[in-house]
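**Q**
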Amino acid sequence: MYDPSQLRTFLAVAQTLSFTRAARRLGLRQSTVSQHVRRLEDATGRQLFTRDTHSVELTEDGEAMLGFARRILVAHEQAAAFFAGKRLGGRLRFGASEDFVLTRLTDILETFRHDHPDVDLELTVELSGTLHRQLDAGKLDLVLAKRRPEDPRGMLVWQDDLVWIGAERLRLDPERPVPLIVYPPPGITRALAFEALERRGRAWRVACTSGSLNGLVAAARAGLGVMAHSRGLIPPGLVRVPDRAGLPELGPVDFVLLHGERRAAAQDAADALATAILAGGDRLHRGGR
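The sequence shown begins at 1 in UniProt numbering and counts up by one.
#1: Around the Cβ of histidine 54, are there at least 16 other Cβ atoms within 10 angstroms (buried) or fewer (exposed)?
#2: Determine whether the beta carbon atoms of arginine 104 and aspartate 160 lie at a separation below 9 Å.
#3: Would you kindly check if the distance between the Cβ of valine 33 and the Cβ of proline 149 is under 9 Å?
#4: Just curious, the beta strand (DSSP E) that glycine 90 is in, first and last residue?
#5: According to DSSP, is serine 18 helix, strand or coil?
#6: Can you tell me where the alpha helix (DSSP H) with isoleucine 165 in it begins and where it stops?
#7: Which residues in the same chain have their Cβ closer than 7 Å to the Cβ of glycine 287, if we skip the five residues on either side of it in sequence?
#8: Can you give the Cα-Cα distance for arginine 199 and alanine 81, rounded to whole angstroms?
#9: What's the C-alpha gap between valine 119 and alanine 12?
#10: So, leucine 170 versus valine 178, is the Cβ gap smaller than 9 Å?
#11: Whole angstroms is fine: what's the gap from valine 163's alpha carbon to valine 206's?
#12: Looking at C-alpha atoms only, which residue of Ala79, Gln134, Glu122 and Asp141 is the closest neighbour of aspartate 115?
#13: I'd like to check one pair, histidine 76 with leucine 258: are the Cβ atoms closer than 9 Å?
#14: If you run the structure through DSSP and keep just helix, strand and coil, what is methionine 227?
#15: Between the stretch 214 to 229 and the stretch 177 to 192, do three or more beta carbon pairs fall short of 8 Å?
#16: Would you list the one or two residues that DSSP bridges to threonine 209?
#17: If I measure Cβ to Cβ from glycine 260 and keep anything under 6 Å in the same chain, skipping five residues before and after, which residues do I get?
#18: Just to confirm my understanding: we take arginine 21, look at its own chain, exclude 5 residues before and 5 after, and list those with CB closer than 7 Å. What are they?
#19: Looking at histidine 76 and the ligand ZN, is the gap between the Cβ and the nearest heavy atom below 8 Å?
#20: Measuring straight from C-alpha to C-alpha, what distance separates leucine 102 and leucine 109?
#21: Would you mind sorting phenylalanine 112 into buried or exposed? The rule is 16 or more other CB atoms within 10 Å of its CB.
#22: The beta strand (DSSP E) spanning alanine 145 covers which residue range?
#23: Let's test the definition: count the other Cβ atoms within 10 Å of the Cβ of threonine 106 and tell me whether it reaches 16, buried, or not, exposed.
#24: Please tell me whether proline 242 and alanine 196 are closer than 9 Å, where the distance is taken between their beta carbons.
#25: Specify, as a first and last residue, the run of the alpha helix (DSSP H) that aspartate 136 falls within.
#26: Take alanine 145 and list the residues in its own chain whose beta-carbon comes closer than 6 Å to its own, dropping the five residues that flank it on each side.
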């Protein structure tokens, strides 16, 4: 009843909330993306998105379709692999950004391990900048990490806004430097936070540095300062800093999948994990749904 290609397009639009970005991810024309969504809506008899010239949002039926689309696509991939006599194996070196420590990435990886027990999956959790370097050095096969919006590398999973977050009770003194909680270099959010404050001419100081997201969150919950973070991945116990604090806009950040120089032994496994992440990518943000 439902065409897998249309379901993949639906998921790409649902995860990026943009027909343009979905087309870029899938390598399709935007008119083809619109056609796939329209045909899927015709097949379901329901409207899956509300859209105007400024925004794209899932309807209630679209939210329901997310779960169905993921399960259908996973079953489709499993059936195709089974009847092709294809059983994945070998060593797969996968790197994930610290941003995903508190998300449901573990669910996706657990399912992947269950579906492909012969794959020797090695997980590296690091700063996005470090993962980019390790990928370029041939030390990783697949990476899920942040990139700057102007960086053309990688397949877009979703784009989000960076926002300032901190403890709910935190109050910033406009006459004093902004206390920052940051990753060490080469953290991407660190650099973007510094750049935004410097453009505004706002003084700042580093109140805490940690290579661990849990360390940063602990410092923020203790009220030591503010941190730049993806709006869709705000950890429990922290809130957006209100606009009245006068902090500058941070702009968007992309979350992408990047493949390394393809080793024959890892290529098929990397492709399969990338497909699983793209199918379930909405579970990594927007509240982890």
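Virtual Cβ for every residue (Gly too), placed ideally from N, Cα, C.
Only a predicted model underlies this, so the values are computations on that prediction, with no experimental measurement involved.
**A** In short, the structure shows the following:
#1: exposed
#2: Cβ atoms of arginine 104 and aspartate 160: not closer than 9 Å.
#3: Not a contact, by the Cβ cut-off of 9 Å.
#4: 90 to 97
#5: coil
#6: Segment 155 to 166 is the beta strand (DSSP E) holding isoleucine 165; no alpha helix (DSSP H) there.
#7: Residue placement at glycine 287 is poorly supported in this model, since its pLDDT is 45, which falls under 50; the coordinates still yield a value, given next. There are no such residues.
#8: C-alpha separation (whole angstroms): 52 Å.
#9: 26 Å
#10: no
#11: Spanning the two alpha carbons is a distance of roughly 17 Å.
#12: Ala79
#13: No, Cβ-Cβ distance for leucine 258 and histidine 76 is not below 9 Å.
#14: strand
#15: Yes, the stretch 214 to 229 is in contact with the stretch 177 to 192.
#16: Secondary-structure assignment with DSSP links threonine 209 through a beta bridge to Val182.
#17: Leu135, Leu140 and Asp141
#18: Leu156 and Gln159
#19: Questions concerning the ligand ZN fall outside what the structure shown contains, since it holds no ligand whatsoever.
#20: 14 Å
#21: buried
#22: 142 to 147
#23: exposed
#24: no
#25: 128 to 136
#26: Ser97, Ser128 and Leu131
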